[in-house]
Amino acid sequence: MTTASRLDSYDVIVIGGGAAGLAAAVALGRSRRSVAVVDVGEPRNAPAAGAHNLLGQEGIAPRELLAVGRKEAAGYGVVFHDDRVVGARRGDDAFAVDLADGDALLARRLILASGLVDELPDVPGVRELWGSSVLHCPYCHGWEVRDRRIGVLGTGPFAVHQTQLFRQLSEDVTLFTHTTPTVDGETASQLAARGIRVVDGAVREIRASGGEVAAVVLDDGREFDLDAVVVGPRFHARTDLYEQLGGVATEHPMGWYIETDPTGRTAIPGVWAAGNASDLAAMVSVSAGAGVMAGAAVNADLVADDVARAVGGTGQNRAEW
Ligand SMILES: Cc1cc2nc3c(=O)[nH]c(=O)nc-3n(C[C@H](O)[C@H](O)[C@H](O)COP(=O)(O)OP(=O)(O)OC[C@H]3O[C@@H](n4cnc5c(N)ncnc54)[C@H](O)[C@@H]3O)c2cc1C
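For the sequence shown, the numbering used here gives the first residue as 2, with consecutive numbering after it.
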């Protein structure tokens with residue numbers, strides 16, 4: 002793959018080379034745009050063995066999927082920088098992006114596809130087992146734990162809903178209320194009607210055996226043998242670069258994200274966002290779809306800018322900024 006040098010200039014810089022960023026890069030590369038993807042290589046689903054609900058690639062290893070995507074993008078001339086973007090700013094006619102290695106890149110447009118951080122409950126065992134048998138998403142790994150003994154660690158208002166979703170996959174489901182708000186009478190009846198146990202009390206740790214969940218241990222010493230534990234992380238989109246550019250992150254009941262229109266356009270002219278950066282619930286295929294939409298929208302925006310410049314104007318950049 003091509004390696005670029007200091008102060009290289011592109012039509013578009015895509016920050017993040019996950020499903021969203023790579024899909025955007027392919028759409029732009031196929032539109033004959035010069036594109037750089039800067040990616041530090043930590044996709045959110047890296048701890049998982051496979052990516053599911055992915056038509057045509059069901060169960061593919063997350064990093065294998067991205068390696069294929071990189072190859073496809075490189076085939077259309079997309080350049081890759083295996084680095085972290087540490088700064089972004091807007092000049093008169095271009096964006097400048099600073100890389101951790103000291104290089105800076107310029108571009109007419111930016112796509113923020115840097116994903117989100119899962120803020121996990123602070124219970125010993127959760128982080129160590131995250132993505133293998135500590136889970137959050139019934140569509141990502143629910144099938145893999147069907148008919149197993151599943152515990153839900155209650156940490157917020159969505160715990161009951163999550164519990165009912167996992168009950169679709171197994172008859173052996175226990176809700177550990179932990180720090181979740183009190184389960185009211187009607188909710189308790191709904192859980193009981195579906196055979197879901199409710200255990201009150203703070204959880205002290207999730208005990209592992211052979212690298213998998215073995216039991217949930219409560220503060221009072223009670224232990225419950227289990228095969229998987231479901232948690233509800235807070236989803237914090239990586240909004241730091243957007244904020245450096247003057248954007249404001251938007252709060253959501255489940256975390257923080259970058260608000261966009263349906264094409265991924267943000268409130269900052271010239272800046273788009275796609276994937277988990279702008280949609281906390283987006284799975285891989287949805288993120289890739291958003292990436293394609295953003296790539297196409299950015300190309301159309303650049304075409305409008307090219308037309309304006311061709312007829313002798315200053316182009317859209319200066320007009321808008
Ligand atoms: C454990 C787990 C399992 C999952 N399983 C599934 C599943 O089976 N099926 C499914 O559809 N979805 C699954 N998901 C959801 C899936 O991970 C997301 O839908 C997907 O990763 C979103 O893609 P993205 O491109 O927006 O972000 P990411 O895939 O997270 O990619 C973002 C990329 O940007 C890079 N980056 C971030 N900041 C910077 C920066 N400043 N400079 C350079 N690079 C940067 C990151 O390192 C990363 O490589 C799972 C999630 C988790 C947590």
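Note that CB positions come from ideal geometry on N, CA and C, so glycine has one too.
Check for me: the alpha helix (DSSP H) holding residue i runs from which residue to which?
{"i": "Asp241", "result": "Asp241 to Gln245"}
{"i": "His237", "result": "No alpha helix (DSSP H) contains His237, which is instead part of the beta strand (DSSP E) from Arg235 to Ala238."}
{"i": "Phe177", "result": "No alpha helix (DSSP H) holds Phe177; the beta strand (DSSP E) holding it covers Val174 to Phe177."}
{"i": "Glu187", "result": "Gly186 to Ala194"}
{"i": "Leu29", "result": "Ala20 to Gly30"}
{"i": "His162", "result": "Ala160 to Arg168"}
{"i": "Val127", "result": "Val127 to Leu130"}
{"i": "Cys141", "result": "Pro139 to His142"}
Within the same chain, show all residues whose beta-carbon is closer than 6 Å to that of residue i, passing over the 5 residues directly before and after it, in chain order.
{"i": "Met2", "result": "Confidence is the limiting factor: at Met2 the pLDDT is only 44, short of 50, which leaves the residue's position unreliable, though a coordinate-based value still follows. Closer than 6 Å at the Cβ level, and outside the excluded window around Met2, lie Ala75 and Phe81."}
{"i": "Ala320", "result": "The pLDDT assigned to Ala320 is 43, lower than 50, so where the model puts this residue is not dependable; a value taken from the coordinates is nonetheless given after this. No residues qualify anywhere along the chain."}
{"i": "Ser10", "result": "Leu107"}
Would the beta-carbon of residue i be found less than 6 Å away from any heavy atom of ligand 2?
{"i": "Ser133", "result": "Ligand 2 is not among the ligands present in this structure, which contains only ligand 1."}
What residues in its chain sit with their C-beta under 7 Å from that of residue i, if we drop five residues either side in the sequence?
{"i": "Arg235", "result": "Glu120, Met255 and Gly256"}
{"i": "His237", "result": "Leu117, Val118, Glu120, Gly256 and Trp257"}
Does the beta carbon of residue i fall short of 6 Å from some heavy atom of ligand 1?
{"i": "Ala52", "result": "yes"}
{"i": "Asp99", "result": "no"}
{"i": "Gly57", "result": "no"}
{"i": "Asp40", "result": "yes"}
{"i": "Ser288", "result": "yes"}
{"i": "Pro48", "result": "yes"}
{"i": "Glu172", "result": "no"}
{"i": "Glu376", "result": "Outside the displayed span of the chain (2 to 322) sits residue 376, for which this structure offers no information."}
{"i": "Gly229", "result": "One detail in the question is off: residue 229 reads as Ala in this sequence, not Gly. Answer for Ala229: no, Cβ out of range of ligand 1."}
{"i": "Met294", "result": "no"}
{"i": "Glu260", "result": "no"}
{"i": "Val161", "result": "no"}
Just reading off the beta strand (DSSP E) that residue i is part of, what are its end residues?
{"i": "Glu206", "result": "Val204 to Ser210"}
{"i": "Val41", "result": "Counting along the chain, Val41 falls outside any beta strand (DSSP E), and DSSP gives it neither H nor E."}
{"i": "Arg150", "result": "Arg150 -> no beta strand (DSSP E), and no H or E assigned at all."}
{"i": "Arg223", "result": "That residue, Arg223, is in no beta strand (DSSP E); it is neither H nor E in DSSP."}
Which same chain residues, not among the five before or five after residue i, have their C-beta less than 8 Å away from its C-beta?
{"i": "Asn54", "result": "Tyr140, Cys141, Met284, Val285 and Ser286"}
{"i": "Val308", "result": "none"}
Consider the Cβ of residue i: report whether some Cβ of chain D lies at a distance smaller than 7 Å.
{"i": "Ala62", "result": "In the structure shown, chain D does not exist; there is a single protein chain."}
Can you give, in chain order, each stretch of the alpha helix (DSSP H) that sits fully within the segment 53 to 103 and has at least 4 residues? Taking only runs of at least 4 residues, the alpha helix (DSSP H) segments lying wholly in the segment 53 to 103 are 63 to 75.
Beta strand (DSSP E) runs contained entirely in the segment 240 to 313, provided each spans 3 or more residues: If we require 3 residues or more, the beta strand (DSSP E) runs fully inside the segment 240 to 313 come out as 251 to 253, 256 to 258 and 272 to 274.
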